[in-house]
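Chains as they are written, first to last, in the working numbering: chain P, 1308 to 1635; chain L, 3 to 596.
Using N, Cα and C, we set each Cβ at its ideal position, and we do this for glycine too.
Remarks on the structure that follows.
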């Protein structure tokens, strides 16, 4: 009889274990379907800034494809470091599995990112590769390559006789530095004076003035390479006034609707356009790989395209220049 | 036992655990099999349903997009048949500049009216080959940098010669400062004679309309929809930029080859996707892509519930199987314990017989066997006893021949001495003695008869031994009617004479005292002599020596003892108290029998 009671106990135990497993089913089978959380923090989430909106869209595409929980955030004003730090701190407090960030350069940043790391949050830096220890996973446009493309375009457009004035924003800007580096690489073998760099501090007027001064002087400049939008606008204004379109090349970076018109009208010879959608997509994908513990490339570069008046309406480039389908 | 308690299923010593295990295995196998099958069947059913569902959705999308394209077509027909439009772009010169304004206004009003009802249409424009141009807007500034003639839709319309052409989505840059994603329907306008071409009509559909349709289609969490044209160029894809950058590939070839309205399944790196393809009648193919694991959103739920129910079923059936095996093995166990009893020698057991199944039959056979064995054993015991009794009876009937010879010698001797009286006395005593021993009919006789017998015996012996032997019979009068075994006392008296008194050389006063009294429900006889007594060795010999060895000494004391025990039970029998040179006293205890 005692034996019999024991078997009864055994059955009850089996039943209890069974019920336990049923109620804790996720422990066994739900591992792969656990909701993954990734937070993307951009320099800005202003809907008027196409670049960031495209990054956002790319991130969302990756999230949809992989079925993860995505939250995209960013300050309203581009470069608002206080706001971005606040957003980052809040995000860390929520403890997502990964944060994808295009960070504003600020002295406080490394400490906060170290805190995120300490909390076990995976980090992916997008858009540029800051010098940080330990080096983070980076997904960025290859700015050096973009600069190289700009340099090559200028050589092409001037039939191998470039005389370039580069108008940059700030000497401290990492992206601009990388672009310059790329240009220098492209212009290797040309005389040292083939390229001069000027800084317009992200001001259209300053760029305009610099260009004006250069054109008035007998510098023989045949190409302007503008590293940011305001510089492009400034130089374009000047070129319009001088009606020098065609004679003097303007090569810019990135695209805005104004730049599209400059391209169309031929004032701007070419624009080196990044692929922000891809950056958002690959950034989130890299974060996912980190979460899954897969091997991740330390740096993922995203190519840039040279867009000219001739190729601006090709299927591929249309998407880059006009990323959004709106009904307006 | 301890081991059995802790691993009742593993040593498999008992039928119960064997049956339990077998049942459990069978049930487990059955449940696992049915669960797997039902899971597979359910998943297959869900997948099949999902396929149908996707096809249905794609059909709906197709219809939607079709309706927009049909709209454009209708609008184009409206413009086509409009006299004003025809007139305006015709090659005649009779329209003056002022008239032209009127025409332009009328056409523009017409287009505007259409546009007013159709929010999905971005613009309607007519480009005459005569250089005239009219749109749905009163004032239209064309983009100076865009050449109409270079536009794809324009060239395609021209090439199509009157049929309408639907372009891929593109950015319409015709109007200054306006860059809209549109799908263009263009068509060459014929002059009134129907032969000469006069211009091209353009109807632009906001791409956002199609985009919204496609984006809002829910094909699971990860599923999406894309459109390709005849040549396999992507018309719409949510991740077109990734495909352009070669970060992603799409199964365009397969989509192009798949028959319309059908689905195919792509298995890529464990990601099962279902492609459902639909043709439109303007040259596009719509493909819906659904992820299998996504579609079967409750795949886990399905699996969970199946596992849950199978576990429940398993637990219940396990319980039942153990209960059942217990029920089956219980009668066997009972039978087994009963058999153990028999093993120990208890033949009074009869096992309980439940149902008349195999075990019941076994139990019945067992009972039969036990009772038969018991009967046989009792019979054997009885036989043995009978045999023993008859042996004893035989012995009883034997009178020690020496005694007979000696008595006869004494008679002869007394006859020679002419002691007639003594001869008569002795002969009659001998005759009585013989009669008593020969009568076989009764084993038990009244004590009175026994006393008579012993008196006769002693009489003969006294006459033989003269004064050497004295005896006293001291019997309680009340016990004389009780029964005793026949010839019970004679062996003791004989023993007292031969071993006690006879060996007393020079002693003339040998005395044998025979007493009888009752004590409770017992009757106690004592035969005492004042002879030389016995050593412990002699005593042992007397009590335990074999029947055969003592054959010539008549009925041995030991045999009397056995006889008493056989007849009355083990609590009865004899006790011997003896001391060298003092004498011997034998106590005989028998029950009081009426």
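Query                                                                                                                                                                                               : Result
Establish whether the CB of residue 85 of chain L and some CB of chain P are separated by less than 7 Å.                                                                                            : no
When we look at the beta-carbon of residue 1372 of chain P and count the other beta-carbons within 10 Å, is it buried (16 or more) or exposed?                                                      : buried
What does the Cβ neighbour count give for residue 1575 of chain P, buried or exposed, with the cut at 16 atoms within 10 Å?                                                                         : buried
Indicate whether at least one CB of chain L lies closer than 7 Å to the CB of residue 1660 of chain P.                                                                                              : A query on residue 1660 of chain P cannot be resolved here, the shown segment of chain P reaching from 1308 to 1635 and no further.
Where in the region 1569 to 1633 of chain P do unbroken runs of the alpha helix (DSSP H), each at least 4 residues long, occur, reported from the N-terminal end onward?                            : 1583 to 1599 and 1622 to 1628
Which residues of the region 213 to 244 of chain L have a Cβ closer than 8 Å to any Cβ of chain P? Give them in chain order.                                                                        : 213, 223, 224, 226, 235, 236, 240, 241, 242, 243 and 244
I'd like the list of long-range same chain contacts for residue 216 of chain L, defined as Cβ closer than 6 Å, with 5 residues on each side in sequence excluded.                                   : 227 and 238
For the region 17 to 32 of chain L and the region 190 to 201 of chain L, state whether three or more C-beta atom pairs, one from each stretch, are separated by less than 8 Å.                      : no
Among P:1540, P:1518, P:1537 and P:1536, whose alpha-carbon lies nearest the alpha-carbon of residue 1530 of chain P?                                                                               : P:1518
Applying the criterion that 16 or more other CB atoms from any shown protein chain within 10 Å of the CB defines a buried residue, is residue 1365 of chain P buried or exposed?                    : buried
With DSSP collapsed to three states, give me the class of residue 1402 of chain P.                                                                                                                  : coil
Check whether chain P comes within 7 Å of residue 147 of chain L, counting only Cβ atoms and requiring the distance to be less than that.                                                           : yes
Which value, in whole angstroms, describes the spacing of the CA atoms of residue 500 of chain L and residue 567 of chain L?                                                                        : 25 Å
Assign residue 1411 of chain P to one of three DSSP states: helix, strand, or coil.                                                                                                                 : coil
In whole angstroms, what is the alpha-carbon distance linking residue 594 of chain L and residue 383 of chain L?                                                                                    : 26 Å
Give, in chain order, every residue of the region 1347 to 1375 of chain P whose Cβ lies closer than 7 Å to some Cβ of chain L.                                                                      : 1368, 1371, 1372 and 1374
With residue 1407 of chain P and residue 1347 of chain P assumed to form a contact (beta carbons below 8 Å), what rounded beta-carbon distance in angstroms separates them?                         : 4 Å
Who are the Cβ neighbours of residue 349 of chain L in its own chain at under 7 Å, not counting the five residues just before and after it?                                                         : 372, 375, 376 and 379
So, do the region 1444 to 1460 of chain P and the region 1564 to 1581 of chain P have three or more beta carbon pairs nearer to each other than 8 Å?                                                : yes
Indicate whether residue 1555 of chain P and residue 1461 of chain P have their beta-carbon atoms separated by less than 7 Å.                                                                       : no
Is there a Cβ from chain P that is less than 7 Å from the Cβ of residue 247 of chain L?                                                                                                             : yes
In whole angstroms, what separates the C-alpha of residue 1458 of chain P from that of residue 53 of chain L?                                                                                       : 53 Å
Since residue 462 of chain L contacts residue 428 of chain L with CB under 8 Å, what's their CB separation in whole angstroms?                                                                      : 6 Å
Report, in whole angstroms, the separation of the C-beta atoms of residue 477 of chain L and residue 453 of chain L, which I expect to be a contact under 8 Å.                                      : 6 Å
Kindly list the residues whose CB is nearer than 6 Å to the CB of residue 129 of chain L, restricted to its own chain and excluding five residues on each side of it in sequence; keep chain order. : 135, 150, 201 and 202
Would you identify the three-state DSSP class for residue 260 of chain L, choosing helix, strand or coil?                                                                                           : coil
Check whether the Cβ atoms of residue 275 of chain L and residue 293 of chain L sit closer than 7 Å, and answer yes or no.                                                                          : yes
Out of L:284, L:285, L:271 and L:259, which one is the CA nearest neighbour of residue 277 of chain L?                                                                                              : L:259
Taking C-beta pairs closer than 8 Å, name the residues in chain P that residue 304 of chain L reaches, listed in chain order.                                                                       : Result: empty, since nearest Cβ-Cβ is about 11 Å, beyond 8 Å.
Which residues of chain L have a Cβ atom closer than 8 Å to the Cβ of residue 1620 of chain P, listed in chain order?                                                                               : 172, 173 and 175
What distance in whole Å lies between the Cβ atoms of residue 1443 of chain P and residue 1432 of chain P, which are believed to be in contact at a cut-off of 8 Å?                                 : 5 Å
Beta carbon of residue 520 of chain L, beta carbon of residue 481 of chain L: below 7 Å?                                                                                                            : yes
Tell me the DSSP secondary structure of residue 1461 of chain P in three-state form.                                                                                                                : helix
Cα-Cα, which of L:212, L:230 and L:164 is closest to residue 199 of chain L?                                                                                                                        : L:164
To the nearest angstrom, report how far apart residue 79 of chain L and residue 126 of chain L are at their CA atoms.                                                                               : 12 Å
When you compare each of L:59, L:154 and L:283 to residue 265 of chain L by their alpha carbons, which one comes out closest?                                                                       : L:59
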